Amino acid sequence: MTPEDASGTGAHEIEVEATERRLLSPLESILGTDAKTVYGDPITVGERTVVPVARIAYGIGMGGGSGIDESGEEGGEGYGGGGGVHATPVGVVEVTPDETRFVRFGTGRRLAGVLAVGIGLGLALGRLLRR
């Protein structure tokens, strides 16, 4: 073990820091976002303005390790990480001279799906209980 490794400032720690910088650099623009990430550019037609709204989710993970190989020597180091972003449109803010309202996308379809699953489960449970 070199003196650098013993002091905790060995080469493998420098690699971890470099890996962390490489992973976080692209995500800094996402993590430090403003309202434009969630609210899109307004679209105006006549007296009506529509502002798209999205749900944004992101995650990041990092890991690392070191160990001793089969011969008893230091080795087996590994570092990695990753991240992801998911954006889902959820609706629009509609602004007119008379009112401002939020119009959600797909609520009727979702409600119909939940209702259909509930009815199906109820029928299946009813048949099982009759036996």
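Residue numbers for the sequence shown, in my numbering: 177 to 307.
Glycine included, C-beta positions come from ideal geometry on N, C-alpha and C.
Since we're looking at a predicted model, the values are computed, not measured.
Considering only I295, T276, P273 and V268, the residue with the shortest C-alpha distance to G282 is V268. In this structure, G237 keeps its C-beta atom at 8 angstroms or more from the C-beta atom of E253.
Of G256, E250, P218 and P265, the smallest CA-CA separation from E193 is found for G256. For G235, the three-state secondary structure derived from DSSP is strand.
DSSP links F278 through a beta bridge to V269.
A230 has P265 as its beta-bridge partners, per DSSP. The shortest C-alpha to C-alpha distance from T272 to any of V293, A300 and I219 is the one to I219. The C-beta separation of Y234 from V261 comes to about 4 angstroms, placing the pair in contact by the 8 angstroms criterion. In terms of CA proximity to R277, R224 leads the group G243, R197, R224 and D217.
If the five residues before and after G258 are omitted, its C-beta is found closer than 7 angstroms to the C-beta atoms of G237, all from its own chain and listed in chain order.
Secondary structure of R307 (DSSP, three-state): coil.
Going by beta carbons, R280 and V290 fall outside the 8 angstroms limit.
According to DSSP, residue pairing for V221 in a beta bridge involves R224.
Residue state for G256 is assigned as strand, using DSSP reduced to three classes.
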